[in-house]
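K.L.:
Shown below is the structure under consideration.
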Amino acid sequence: MSAKNVTTASFAADVLQNQKPVLVDFWAEWCGPCRQVAPILDQIAAEYADKIEIVKVNVDNEQQLAMQYGIVSIPALQVFQGGQVVKSIVGAKPKAILVNELSDFLN
Amino acid sequence: MRDVIIIGSGPAGYTAAIYTARAGLKPLLIASSVEAGGELMKTTEVENFPGFPEGVMGPSLMGNFQAQAEKFGTEVLLDDVVEVNLEGDVKVVKTGLGQTYEAKTVILATGAAYRELGVPREKELSGYGVSWCATCDGFFFRERTIAVVGGGDSAMEEANFLTRFASKVYLIHRRDSFKASKIMADRALSNPKIEVIWNSEVTELHGEGKLTGVSLRNTVDGSASNLDLEGLFIAIGNDPRVDLVRGQVDLTSENFIEVDGRSSRTNIPGVFACGDVIDPSYRQAITAAASGCVAALDAEHYLTSH
Chain V
12 MSAKNVTTAS FAADVLQNQK PVLVDFWAEW CGPCRQVAPI LDQIAAEYAD KIEIVKVNVD
72 NEQQLAMQYG IVSIPALQVF QGGQVVKSIV GAKPKAILVN ELSDFLN
Chain Y
274 MRDVIIIGSG PAGYTAAIYT ARAGLKPLLI ASSVEAGGEL MKTTEVENFP GFPEGVMGPS
334 LMGNFQAQAE KFGTEVLLDD VVEVNLEGDV KVVKTGLGQT YEAKTVILAT GAAYRELGVP
394 REKELSGYGV SWCATCDGFF FRERTIAVVG GGDSAMEEAN FLTRFASKVY LIHRRDSFKA
454 SKIMADRALS NPKIEVIWNS EVTELHGEGK LTGVSLRNTV DGSASNLDLE GLFIAIGNDP
514 RVDLVRGQVD LTSENFIEVD GRSSRTNIPG VFACGDVIDP SYRQAITAAA SGCVAALDAE
574 HYLTSH
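As structure tokens, this is what we get:
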């Protein structure tokens, strides 16, 4: 399963007003490490489907969103809860480390 | 038990896989969970890999390597090797997901990891202005002032690439000349957006939550200065990744895995090494690939004579 693509237009409904925590994966086609971490995020999304939602923002298409959330390095993974960024992870990391860093939202 | 386990997924590892797979050895290639594809995954256009006159994107090239290895029966595993036991006839390899694999031969192609500056708060600001991946992060510095640290080919490539986005790129180097190849250095020196700061090293990073500047020290007269920046890209070289095998496989005085002459044979029978982890000098995609071929042929020869 591949994560849902979120745009500026759908960001409020999909992310900010979501009842569940949402991990937003800021990525781009030309970013090798983004491609490397994508399958890991798909696995986490499938295994913890009842706890967290994982969506993608393509920074090429949504430069405004990237700027608004201060992205200067990708992949950038930001967890939103109640409309606020509550956790920020930068860079591709192994699954065990990501699961550990996201443990507040997965358990 | 398997015939061959290959650790690493850059040009060396995948070439070793292509050759051993075509020899019918059904290699297992352990690619890493997030760094599969190696250093080339962080590059853009590769202009000097033979067979691609128009150039090829690093990640596409690595996708091709993988497809070619899998076509002949390589099993690619997206997992990290956390422990090896290389002594004896049965080599044991343990992974981060808790699996144990055994093989008659192991090919080490673990490559090299980027070097850090070693200044305070480098980790904290990494991803917040401090970067090791120009191709990933250059995009976010449109019309900004940034700097690249380094004097080799990769520093030149990054500086040139970053001028697509940044309004100004300082190139900070601790010596008074570059060790980069002439074509790469000339390209940087003739780029109007690039200004070289010679004989200088970064001693401090400024900024809370995001980088705002750096302190520099002149390596000749020791004088200090400040430079306002929003991005700092570090390209000061790589160190061979040998932590996994330290204490088992002999290393050179420079910390590379030691191999016998032009072969890939380490001090342990049945253990071979190739690519950047054995190479203090050349470190090109093509030399790594050639070295992976050598390791595959050495492993084949070992298997037929044991």
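Chains as they are written, first to last, in our numbering: chain V, 12 to 118; chain Y, 274 to 579.
No residue lacks a Cβ here, since even glycine has one placed at the ideal position from N, Cα and C.
Please report the Cβ distance between R447 of chain Y and T492 of chain Y, rounded to the nearest whole angstrom; I am assuming they are in contact, meaning their Cβ atoms lie under 8 Å.
P.N.:
Yes, R447 of chain Y and T492 of chain Y are in contact; Cβ-Cβ is about 5 Å, under 8 Å.
K.L.:
Does T317 of chain Y pass the burial test, meaning 16 or more other C-beta atoms within 10 Å, or should it be called exposed?
P.N.:
So T317 of chain Y counts as buried.
K.L.:
With a threshold of 8 Å on Cβ separation, who are the neighbours of G378 of chain Y within its own chain once the five nearest residues in sequence on each side are excluded?
P.N.:
Before going on, a small fix: residue 378 of chain Y reads as Thr here, not Gly. Within the same chain, T378 of chain Y has close Cβ partners D276, V277, I278, K364, G543, V544, F545, A572, Y575, L576.
K.L.:
Out of Y:L444, Y:M314, Y:P332, Y:V487, state which residue places its alpha-carbon closest to the alpha-carbon of S498 of chain Y.
P.N.:
Comparing Cα-Cα distances from S498 of chain Y to each of Y:L444, Y:M314, Y:P332, Y:V487, the minimum goes to Y:V487.
K.L.:
Just to confirm the assignment, what range does the beta strand (DSSP E) spanning V355 of chain Y have?
P.N.:
From DSSP, the beta strand (DSSP E) with V355 of chain Y extends over 354–358.
K.L.:
Are the C-beta of V307 of chain Y and some C-beta of chain V separated by less than 8 Å?
P.N.:
Chain V contact via Cβ: present.
K.L.:
For S564 of chain Y, which three-state DSSP category applies?
P.N.:
DSSP places S564 of chain Y in helix when its eight states are reduced to three.
K.L.:
Please determine, among V:A57, V:G43, V:G94, the residue with the shortest C-alpha to C-alpha distance to A14 of chain V.
P.N.:
The candidate whose alpha carbon is nearest that of A14 of chain V is V:A57.
K.L.:
Considering Cα atoms alone, identify which of V:L76, V:P32, V:M78, V:A39 is closest to R102 of chain V.
P.N.:
Here residue 102 of chain V is Gly; the residue named in the question, Arg, does not match the sequence. That would be V:A39, whose Cα lies nearest to the Cα of G102 of chain V.
K.L.:
Does the CB of G102 of chain V have a neighbour CB from chain Y at under 8 Å?
P.N.:
Chain Y, which has a Cβ nearer than 8 Å to the Cβ of G102 of chain V, makes this yes.
K.L.:
Go through the segment 400–477 of chain Y residue by residue and report every complete run of the beta strand (DSSP E) that reaches 3 residues or more, in order.
P.N.:
Fully enclosed beta strand (DSSP E) runs of 3 or longer: 418–422, 441–445, 467–470.
K.L.:
Among all the DSSP beta bridges, which residues are the ones paired with Y387 of chain Y?
P.N.:
Bridge partners of Y387 of chain Y: Y:N511.
K.L.:
Can you find a CB in chain Y that lies within less than 8 Å of the CB of P32 of chain V?
P.N.:
So no, P32 of chain V is outside the interface.
K.L.:
With 16 as the cutoff for other CB atoms within 10 Å, does V97 of chain V come out buried or exposed?
P.N.:
Classification of V97 of chain V: exposed, given that the 10 Å Cβ count is below 16.
K.L.:
Pair every Cβ in the segment 330–345 of chain Y with every Cβ in the segment 278–291 of chain Y, then say whether three or more of these pairs are closer than 8 Å.
P.N.:
A contact exists between the segment 330–345 of chain Y and the segment 278–291 of chain Y.
K.L.:
What is the rounded straight-line gap between the Cα of F413 of chain Y and the Cα of V469 of chain Y?
P.N.:
Going from the Cα of F413 of chain Y to the Cα of V469 of chain Y covers about 22 Å.
K.L.:
Secondary structure at M330 of chain Y, three-state DSSP: helix, strand or coil?
P.N.:
In the structure shown, M330 of chain Y sits in a strand (DSSP, three-state: E or B).
K.L.:
I need the DSSP call for A546 of chain Y, collapsed to helix, strand or coil.
P.N.:
Three-state result, A546 of chain Y: strand.
K.L.:
Can the beta-carbon of C42 of chain V be found closer than 8 Å to that of P105 of chain V?
P.N.:
No, they are not a contact pair.
K.L.:
Assuming A461 of chain Y contacts L444 of chain Y (C-beta within less than 8 Å), just tell me the rounded distance between them.
P.N.:
A461 of chain Y to L444 of chain Y, Cβ: 6 Å. Contact.
K.L.:
Do V70 of chain V and A77 of chain V have their C-beta atoms closer together than 8 Å?
P.N.:
Yes. Within cutoff.
K.L.:
By Cβ distance below 7 Å, which residues in the same chain neighbour D353 of chain Y in space, the five residues on each side in sequence not counted?
P.N.:
So the list reads S305, S306, T368, G369, once near-sequence residues are dropped.
K.L.:
Within its chain, find whatever has a CB closer than 6 Å to the CB of N358 of chain Y; leave out the 5 residues flanking it on each side and keep chain order.
P.N.:
Only V365 meet the Cβ criterion.
K.L.:
When DSSP labels each residue in this structure, what does Q74 of chain V get in the three-state scheme?
P.N.:
The answer is helix: DSSP assigns Q74 of chain V an H, G or I state.
K.L.:
Any idea if V355 of chain Y is buried or exposed, counting beta-carbon neighbours within 10 angstroms, 16 or more meaning buried?
P.N.:
V355 of chain Y is exposed by the Cβ-count criterion.
K.L.:
Which partner residues of Y374 of chain Y appear in the DSSP bridge assignment?
P.N.:
Y:V366.
K.L.:
Starting from D36 of chain V, trace the beta strand (DSSP E) both ways and give me its first and last residue.
P.N.:
Run containing D36 of chain V: 33–38, per the beta strand (DSSP E) assignment.
K.L.:
Could you tell me whether the segment 502–516 of chain Y touches the segment 380–390 of chain Y, using the rule of 3 or more Cβ pairs below 8 Å?
P.N.:
Yes, the segment 502–516 of chain Y is in contact with the segment 380–390 of chain Y.
K.L.:
By alpha-carbon positions, which one of Y:W471, Y:E360, Y:S454 ends up nearest to Y555 of chain Y?
P.N.:
The option with the nearest alpha carbon to Y555 of chain Y is Y:S454.
K.L.:
Which same chain residues, not among the five before or five after F434 of chain Y, have their C-beta less than 8 Å away from its C-beta?
P.N.:
For F434 of chain Y, where only same-chain residues beyond five positions count, the Cβ hits under 8 Å are T317, A407, T408, G411.
K.L.:
For a contact meaning CB atoms closer than 7 Å, what does P332 of chain Y contact in chain V?
P.N.:
The answer, in chain order, is G43, R46.
K.L.:
Can you name the residues of chain Y whose CB is closer than 9 Å to the CB of A39 of chain V?
P.N.:
Ordered by position in chain Y, the residues that pass the 9 Å Cβ test against A39 of chain V are C409, F412.
K.L.:
Taking the CB atoms as reference points, tell me whether G281 of chain Y and L381 of chain Y lie closer together than 8 Å.
P.N.:
Cβ atoms of G281 of chain Y and L381 of chain Y: closer than 8 Å.
K.L.:
Quick one: grab the DSSP three-state call for H579 of chain Y.
P.N.:
If DSSP states are grouped into helix, strand and coil, H579 of chain Y belongs with coil.
K.L.:
Just tell me which of Y:N464, Y:L484, Y:S496 has its CA closest to the CA of E474 of chain Y.
P.N.:
With distances taken between Cα atoms, E474 of chain Y lies closest to Y:S496.
K.L.:
Leaving aside the five residues before and after E348 of chain Y along the sequence, list all residues of the same chain whose C-beta is less than 8 Å from its C-beta, in chain order.
P.N.:
Closer than 8 Å at Cβ, skipping near neighbours: K299, P300, L301, L302.
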